[in-house]
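Sequence order for the protein chains is A and B. Heads up, the first sequence is in the working numbering, so the first residue is 1474 and it goes up one at a time. Heads up, the second sequence is in the working numbering, so the first residue is 1474 and it goes up one at a time. Don't be surprised by glycine CBs; every beta carbon is placed ideally from N, CA and C.
2 protein chains.
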Amino acid sequence: MRAYPHPNIDDVAVEHVLHALSDPIRLDIVHHLVREGEASCATLDGGRPKSSMSHHFRVLRSSGLVHTRIAGVQHMNTLRREELDRRFPGLLDAVLNAKSQG
Amino acid sequence: MRAYPHPNIDDVAVEHVLHALSDPIRLDIVHHLVREGEASCATLDGGRPKSSMSHHFRVLRSSGLVHTRIAGVQHMNTLRREELDRRFPGLLDAVLNAKSQG
DNA sequence: GCTATTGTTCGAGTATATTCGAACTATCGA
DNA sequence: TCGATAGTTCGAATATACTCGAACAATAGC
Chain A
1474 MRAYPHPNID
1484 DVAVEHVLHA
1494 LSDPIRLDIV
1504 HHLVREGEAS
1514 CATLDGGRPK
1524 SSMSHHFRVL
1534 RSSGLVHTRI
1544 AGVQHMNTLR
1554 REELDRRFPG
1564 LLDAVLNAKS
1574 QG
Chain B
1474 MRAYPHPNID
1484 DVAVEHVLHA
1494 LSDPIRLDIV
1504 HHLVREGEAS
1514 CATLDGGRPK
1524 SSMSHHFRVL
1534 RSSGLVHTRI
1544 AGVQHMNTLR
1554 REELDRRFPG
1564 LLDAVLNAKS
1574 QG
């Protein structure tokens, strides 16, 4: 594996971003990345099978939410925050600030 | 039919709102409601079958996005804007302001 | 080169969504 | 009451998503 494809942020549709964020596991990953910054896939798996997580990271990448950098044997993920804030002002903040029922 | 059930806004999870908005047809409906205010189902169907639209309105209602009022033979829909803005500050605005790729 | 580690890809199984015709319900007006 | 209108509900077909084991690829360290 020799580096991931990442979409240009201007090519991602808001529907795809919303869909990516509508899954609880992926929303968890995003929250985690906000708190901790860069993190490997293993750090973010929450005990789930690697193949499942690989699927979720792919969705997060293809929707422009996450950037994955290969560092040796680990794949390090970051939120594409500045780009997303430019492309969809206020969206990420609003989602991240949404409290669970209450 | 004697009035629809609408969830309490505090009981809706952000994941459900995001999922509801991630469908292009439903996002269209929401945009339409923002521009035009209250509208009947027929006004919003875009030529699609009524049974399909009925499904989408149900999703929009169950996620707390839309309120449906029965007025004679028509079912009039409105966005639950103030409630949503209180529950998820900035979310609806951010989604509505998202420009399609450009 | 061998081995352990990290993560991908493939394929199949299951679950959830979407679509839409057909039959139905409710209301309005004549 | 009859007919037209606006939507719902049901059921089935199809599509899309999620889950996860098994096999694979790439790197690091010895």
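Beta-carbon separation (whole angstroms), residue i vs residue j, contact threshold 8 Å
i	j	result
A/E1488	B/S1495	5 Å
B/L1597	B/L1506	It is not possible to answer for residue 1597 of chain B, since the shown part of chain B is limited to 1474 through 1575.
B/A1571	A/L1533	At roughly 18 Å, the Cβ-Cβ gap does not stay under 8 Å, so B/A1571 and A/L1533 are not in contact.
Proximity winner among the options, relative to residue i (alpha-carbon distances)
i	options	result
B/T1516	B/V1539, B/N1550, B/V1490	B/N1550
B/R1542	B/M1526, B/E1511, B/A1571, B/A1567	B/E1511
B/P1522	B/A1571, B/I1498, B/S1573, B/V1568	B/I1498
A/V1568	A/D1518, A/V1503, A/N1481, A/G1537	A/V1503
B/L1500	B/G1520, B/V1539, B/A1544, B/N1481	B/V1539
A/A1544	A/P1478, A/D1484, A/S1513, A/P1562	A/S1513
B/R1554	B/I1482, B/A1486, B/K1572	B/I1482
B/S1536	B/Y1477, B/A1476, B/D1484	B/D1484
A/S1573	B/P1478, B/R1508, B/L1533, B/F1561	B/F1561
B/Y1477	B/H1548, B/G1519, B/G1520	B/H1548
B/R1475	B/V1546, B/D1518, B/A1486, B/G1519	B/V1546
B/K1566	B/R1508, B/G1520, B/D1518	The identity of residue 1566 of chain B in the sequence shown is Asp, whereas the question assumes Lys. The option with the nearest alpha carbon to B/D1566 is B/R1508.
Proximity test, residue i beta-carbon vs the ligand ZN heavy atom, cut-off 8 Å
i	result
B/A1493	Within the structure as shown, the ligand ZN is missing, as the structure has no ligands at all.
Note to self: Under 9 Å, CB to CB, which of the residues in the region 1500-1512 of chain A have a partner in chain B?
What the structure shows: L1500
Next item on the list: Note down, one range per segment and in chain order, each beta strand (DSSP E) of at least 3 residues found wholly within the region 1494-1547 of chain B.
Entry: 1539-1544
Next item on the list: Could you tell me whether the region 1523-1535 of chain B touches the region 1512-1531 of chain A, using the rule of 3 or more Cβ pairs below 8 Å?
Entry: no
Checklist line | Under 7 Å (Cβ pairs) to chain A, residues found in the region 1484-1495 of chain B | finding: Here the close residues are D1484, A1486, V1487, E1488, L1491, H1492, L1494, S1495.
Note to self: Can you pull out the residues from the region 1550-1569 of chain B whose beta carbon lies closer than 7 Å to at least one beta carbon of chain A?
What the structure shows: F1561, P1562, G1563, L1564, D1566, A1567, V1568
Margin query: Using a Cβ-Cβ cutoff of 8 Å, what residues of the region 1518-1535 of chain B are near chain A? List them in chain order.
Written below: none
Next item on the list: Can you give me, in chain order, the residues of the region 1536-1550 of chain A that have a beta carbon less than 9 Å from any beta carbon in chain B?
Entry: none
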